[in-house]
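Engineer: Residue numbers (the working numbering), protein chains in the order written: chain S, 67 to 359; chain A, 11 to 441. In this text, a Cβ means the ideal position worked out from N, Cα and C, and glycines have one as well.
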Amino acid sequence: MIGMRRGTLERKEAIFGWKLIAPTVIIISMLILYPVVYNIYISFFRVSLNPQVPDQFVGLRNYVRLLIDSRFWRSFGITIIFTLLTVFGSIILGLGVALLMNRKFFGRGIVRALILLPYVTPLISLVFAWRFIFLPLNGPLVQFLASLHLMNPGTDVINNPNNAFLVVSVFNIWRNFPFVYLMTLATLQSIPNTLYESAEIDGASRWKQFTSITLPELYFVLASVALLRGIWNFYKFDEVYLLSKFAGTLPIYIYDTAFTGIPRQGVAASAATILFVIMMVLITLYVKKVLKW
Amino acid sequence: MWKKSFLVFALVTLIVGAIFAQSITFWTTEVESNRMQRIQALATIFQAQTGIKVNVVPVEENALFTRIIASKAAGTLPDIMEAGIEPFLLLGSEGLMDTQLNAEVINYFGDIYAGVKRLLSAGNGKYYGIPFHAWVQGIWYHKNWFDSKNLGAPTTWYNILEAAKELNDPAKGVYGLVLPKKADAYTEQIFTEIALANGARPFDNKGNVAFNSPQMIEVFRFYKTLGKYSMPGFTTVLDALNGYLSGRAAMIFYSTYIMDDIAVEEVQRKRIHSFDPQLVKNTGFANKMMNIRTTSYGQVVALGILESSKNKSDATKFAEFLMTGNNYIYWLHMAPGGMNPTRRSIATNPKFLDNAVLKRYGAAKIANIIAALDNVERFDFYKGKVVTKMAKLSSNFVIGKAINLMFANNWTPEQTAEWAQKEAERVLKGQ
């Protein structure tokens, strides 16, 4: 009798819960699930640009074409290196700055706010600002470095195709370290001071304190941040494309395939699908092994 | 009583209007807000005259394909659009343009320059688009500097190189020219003119990629030599414009769009914060180039009715409306000098010449510029045939990338040509 009633209550609860999340589920299905499914669908087709010519089913041909394309694999490699480099770079920089900002000093509030600027400023204005300060002859940074005899004022750093990867990576690290910094600083502030005090009494050095207290406390935050940044940077398109045509990461490869010349939507869709599968596998592994969920 | 009848009348008009309301969608690549205002005004006049509503949609030329693809999937392709030649050739080659109807509009006017309409030919008297307005490219140069050093007008490879050497003075911050070195469309435009003057083309008579031909290698060599006398950096179109206006470059390659920058004080001040009232007088324009043959380069912006349009007759009416009399002149005056008429009768129309910028140059000079339109040559048009393959190379920036890499890596002309050859073959094979 009692058990039954609890059963209905639980059911009611469950139904109520579903009602509450229904709007989210519906919106996510429309905005995320539908495009994903549609993307997988068109990856099996030769998509025609002409509305009067129907799309042609080609089975796995798009996938085969991609997997034997050396440019695809090259872009894939570049993307992996780009992701590793920028994720580690921004974590190390963000962590360092967070440690500094965790100390008390005069004007800390202002500095803390300033550090967030790269992350909160609209991307396009940042790209233009970078282009401007690096302008050969007239760029302020170039003039400054030239006056110190550190560089030739005629050097064009940003537009040199050989610098593409470096410029894009440095820009990404610089732009995203505040995100890491923000997450880390919040956690740093919640580490009880007593831990450090007792460590000091036990005679632990600064470095020992860092590796035995700070890092373990930060482990899950840093691991989550690395996951998020990893996903975002793996798919990073906007800033890479705005800064250089030569960076050659996979999102650029997909864009070129899908939108330049005669667009090859089916091939681009299959590239996106392959990425999607790879990312899902990597994320699952990461969540299980590193985040230990 | 009259109030009631007015209400009834208004209601009837509304209902009838709603039933018979026709509308067409027009995509334009003139996205700047002042241009959009003019186009919107023309659309309003058109609606008042014909009852046909025009939805004007601004589309960045670079985003055109992205939009086409999305619209195709959503079933919202435009009825008519305005864009440069390249997208029309690409879309036309995929069967998206109503080539028959476009030809009918061209024939309806009867006075469209042969030199511009052939560039959009789809064969058999059909056309991928209707030539709407056009610009010519050439070298704009400080004529007074040339005169003081007794240099010939930069219309030949020899003269260009001599002047660049002679006028280059980096110690004073003055350079022989601003040569495009970035991987973009501007670089390709300039390279095209230089190459055509040497009889070099990316495709041979059989349609094979020919970047490694001896003529083409010579073009890369000349381009690289010119680069020595150019402003430092991987310069592009804005560097050229500002460099010329501020007197830091003796020559630049530019289209006739520069004419208001040179002539109009407020436009010039926006660019370089100062104004040289003598600049119009002291500026020369070389609208042709020669090494082993003479050539001119230009771009045609076209109107095109799409095959998928469900309202082709209204779209045709709108195309005809835009290219007729005062409407046409109102459109062209959006960018005096930059937008030149493709109809002979408009080019000589006093109303067209009645414009502050055009007047400063004088009717003779304007006529001279427009005359060059008849001789415009391009990589995507050869021996009476449109080369649609070229548009694929252009959209992948093959030439721009080759130039960019040549300067960045100090490649020899032969290495550069070889790279361009391989890249072009790769791009065409992938399509």
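Which residues in chain A have a C-beta closer than 8 Å to the C-beta of residue 228(S)? List them in chain order.
Structural biologist: Translated into positions along the first sequence, residue 228(S) becomes position 162. Residues of chain A passing the Cβ test: 418, 419.
Engineer: Excluding sequence positions up to five away, which residues of its chain have a Cβ less than 8 Å from the Cβ of residue 369(A)?
Structural biologist: On the second sequence, position 359 is the one that residue 369(A) refers to. Correct list, in chain order: 363.
Engineer: Return the chain-ordered list of same chain residues with a C-beta closer than 7 Å to the C-beta of residue 105(S), the five sequence neighbours on each side being excluded.
Structural biologist: As a working note, residue 105(S) is residue 39 in the first sequence. Taken in chain order, the residues that qualify are 335, 338, 339.
Engineer: Is the separation between the beta-carbon of residue 244(A) and that of residue 426(A) shorter than 8 Å?
Structural biologist: Residue mapping note: residue 244(A) aligns to position 234 of the second sequence, counting from 1. Residue mapping note: residue 426(A) aligns to position 416 of the second sequence, counting from 1. No, Cβ-Cβ distance for residue 244(A) and residue 426(A) is not below 8 Å.
Engineer: DSSP three-state call for residue 211(S): helix, strand or coil?
Structural biologist: Within the first sequence, residue 211(S) is the residue found at index 145, counting from 1. It is helical.
Engineer: Looking only at its chain, what residues have a beta carbon closer than 7 Å to the beta carbon of residue 320(S), apart from the 5 residues adjacent to it on each side?
Structural biologist: In the first sequence, the residue the question calls residue 320(S) occupies position 254. Excluding residues within five positions, the ones whose Cβ falls inside 7 Å are 334, 337, 338.
Engineer: Around the Cβ of residue 267(S), are there at least 16 other Cβ atoms within 10 angstroms (buried) or fewer (exposed)?
Structural biologist: On the first sequence, position 201 is the one that residue 267(S) refers to. Exposed, since its Cβ has fewer than 16 Cβ neighbours within 10 Å.
Engineer: Just the chain S side, please: which residues come within less than 9 Å of residue 35(A) by C-beta, in chain order?
Structural biologist: In the second sequence, the residue the question calls residue 35(A) occupies position 25. By Cβ distance, chain S contributes nothing, its closest Cβ being about 14 Å from residue 35(A), past 9 Å.
Engineer: Looking only at C-alpha atoms, which of 260(A), 264(A), 238(A), 61(A) sits nearest to residue 248(A)?
Structural biologist: As a first step, residue 248(A) must be located in the second sequence, where it is residue number 238. Nearest C-alpha to residue 248(A): 264(A).
Engineer: Does residue 98(S) have its Cβ less than 8 Å from a Cβ in chain A?
Structural biologist: Position 32 of the first sequence holds residue 98(S). False, the Cβ-Cβ gap to chain A never drops below 8 Å.
Engineer: Tell whether a beta-carbon distance below 8 Å holds between residue 82(A) and residue 117(S).
Structural biologist: Against the second sequence, residue 82(A) aligns to sequence position 72. Against the first sequence, residue 117(S) aligns to sequence position 51. In this structure, residue 117(S) lies closer than 8 Å to residue 82(A) by Cβ.
Engineer: What residues in its chain sit with their C-beta under 6 Å from that of residue 214(A), if we drop five residues either side in the sequence?
Structural biologist: To locate residue 214(A), count along the second sequence from 1; it is residue 204. Excluding positions up to five away in sequence, the list reads 220.
Engineer: Within 8 Å (strictly less), CB to CB, does residue 317(A) reach chain S?
Structural biologist: Residue numbering aside, residue 317(A) sits at position 307 when the second sequence is read from its first letter. With 8 Å as the cut-off, residue 317(A) counts as an interface residue toward chain S.
Engineer: What residues in its chain sit with their C-beta under 6 Å from that of residue 185(S), if we drop five residues either side in the sequence?
Structural biologist: Within the first sequence, the letter at position 119 stands for residue 185(S). Taken in chain order, the residues that qualify are 244, 245.
Engineer: In this structure, does DSSP put residue 141(A) in helix, strand or coil?
Structural biologist: Stepping through the second sequence from its first residue, residue 141(A) is reached at position 131. Residue 141(A): strand per DSSP, three-state reduction.
Engineer: CA-CA distance, residue 274(A) and residue 266(A)?
Structural biologist: Position 264 of the second sequence, counting from 1, holds the residue named residue 274(A). Position 256 of the second sequence, counting from 1, holds the residue named residue 266(A). Spanning the two alpha carbons is a distance of roughly 14 Å.
Engineer: Just checking residue 176(S) against the ligand GDP - is the residue's beta carbon closer than 7 Å to any of the ligand's heavy atoms?
Structural biologist: Although the ligand GDP was asked about, the structure shown includes no ligands whatsoever.
Engineer: When you check each C-beta in the region 224 to 244 of chain A against every C-beta of chain S, which residues fall closer than 7 Å?
Structural biologist: Those would be 242, 243, 244, in chain order.
Engineer: How is residue 280(A) classed by DSSP in three states: helix, strand or coil?
Structural biologist: Along the second sequence, read from residue 1 onward, the residue named residue 280(A) stands at position 270. Note: residue 280(A) maps to helix in three-state DSSP.
Engineer: Just checking my contact of residue 237(A) with residue 417(A) at CB under 8 Å: how many whole Å lie between their CB atoms?
Structural biologist: Numbered from its first residue, the second sequence carries residue 237(A) at position 227. Numbered from its first residue, the second sequence carries residue 417(A) at position 407. With a Cβ gap of about 6 Å, residue 237(A) and residue 417(A) count as contacting.
Engineer: Ends of the alpha helix (DSSP H) at residue 203(A)?
Structural biologist: One-based indexing of the second sequence puts residue 203(A) at position 193. Looking at the DSSP string, the run of the alpha helix (DSSP H) that includes residue 203(A) is 195 to 206.
Engineer: Assuming residue 118(A) and residue 354(A) are in contact, meaning their beta carbons sit under 8 Å apart, how far apart are those beta carbons, in whole angstroms?
Structural biologist: Start at 1 with the first residue of the second sequence, and residue 118(A) comes out as number 108. Start at 1 with the first residue of the second sequence, and residue 354(A) comes out as number 344. 14 Å between Cβ atoms; not a contact.
Engineer: Can you name the residues that DSSP bridges to residue 179(A)?
Structural biologist: Reading the second sequence from its first residue, position 169 is the one you call residue 179(A). For residue 179(A), which the question treats as bridged, DSSP gives the partners 184(A).
Engineer: Taking 8 Å as the CB-CB cut-off, is residue 79(A) touching chain S?
Structural biologist: Counting from 1 along the second sequence, the entry for residue 79(A) is found at position 69. So, interface residue.
Engineer: In the DSSP assignment, find the unbroken beta strand (DSSP E) run with residue 307(A) in it and report its ends.
Structural biologist: The residue labelled residue 307(A) in the question sits at position 297 within the second sequence. First-last of the beta strand (DSSP E) with residue 307(A): 307 to 315.
Engineer: At a CB distance below 8 Å, what residues from the region 59 to 84 of chain A approach chain S? Give them in sequence order.
Structural biologist: Against chain S - using a Cβ distance shorter than 8 Å - the residues of the region 59 to 84 of chain A are 75, 76, 78, 79, 82.
Engineer: Please classify residue 303(A) as buried or exposed, where buried requires at least 16 neighbouring CB atoms within 10 angstroms.
Structural biologist: On the second sequence, residue 303(A) is found 293 positions in, with the first residue counted as 1. With fewer than 16 other Cβ atoms within 10 Å, it is exposed.
Engineer: Output the boundary residues of the alpha helix (DSSP H) element that contains residue 321(S).
Structural biologist: For the purposes of this step, residue 321(S) is taken as the residue at position 255 of the first sequence. Residue 321(S) -> alpha helix (DSSP H) spans 316 to 325.
Engineer: Is residue 160(A) helix, strand or coil when you go by DSSP?
Structural biologist: Against the second sequence, residue 160(A) aligns to sequence position 150. If DSSP states are grouped into helix, strand and coil, residue 160(A) belongs with coil.
Engineer: Let me confirm a value: residue 195(S) is counted as buried when at least 16 other C-beta atoms fall within 10 Å, else exposed. Which label applies?
Structural biologist: In the first sequence, the residue the question calls residue 195(S) occupies position 129. Its Cβ having fewer than 16 others within 10 Å, residue 195(S) is exposed.
Engineer: Would you say residue 206(S) lies against chain A (beta-carbon separation less than 8 Å)?
Structural biologist: Mapped onto the first sequence, residue 206(S) falls at position 140. No, residue 206(S) does not count as interfacial toward chain A.
Engineer: Using 10 angstroms around the beta-carbon of residue 352(A), count the other beta-carbons present and answer buried if the total reaches 16, otherwise exposed.
Structural biologist: In the second sequence, counting from the first residue as 1, residue 352(A) sits at position 342. Result: buried.
Engineer: Using beta-carbon positions only, say whether residue 164(A) and residue 261(A) come within less than 8 Å of one another.
Structural biologist: On the second sequence, residue 164(A) is found 154 positions in, with the first residue counted as 1. On the second sequence, residue 261(A) is found 251 positions in, with the first residue counted as 1. A contact, by the Cβ cut-off of 8 Å.
Engineer: Mark residue 343(S) as exposed unless 16 or more other C-beta atoms lie within 10 angstroms of its C-beta, in which case mark it buried.
Structural biologist: Position 277 of the first sequence, counted from the start, is the residue given in the question as residue 343(S). Exposed.
Engineer: When burial is assigned at 16 or more other CB atoms within 10 Å of the CB, is residue 96(S) buried or exposed?
Structural biologist: For the purposes of this step, residue 96(S) is taken as the residue at position 30 of the first sequence. Per the 10 Å Cβ criterion, exposed.
Engineer: Applying the criterion that 16 or more other CB atoms from any shown protein chain within 10 Å of the CB defines a buried residue, is residue 249(S) buried or exposed?
Structural biologist: Sequence index remark: in the first sequence, residue 249(S) carries index 183 (1-based). So residue 249(S) counts as buried.
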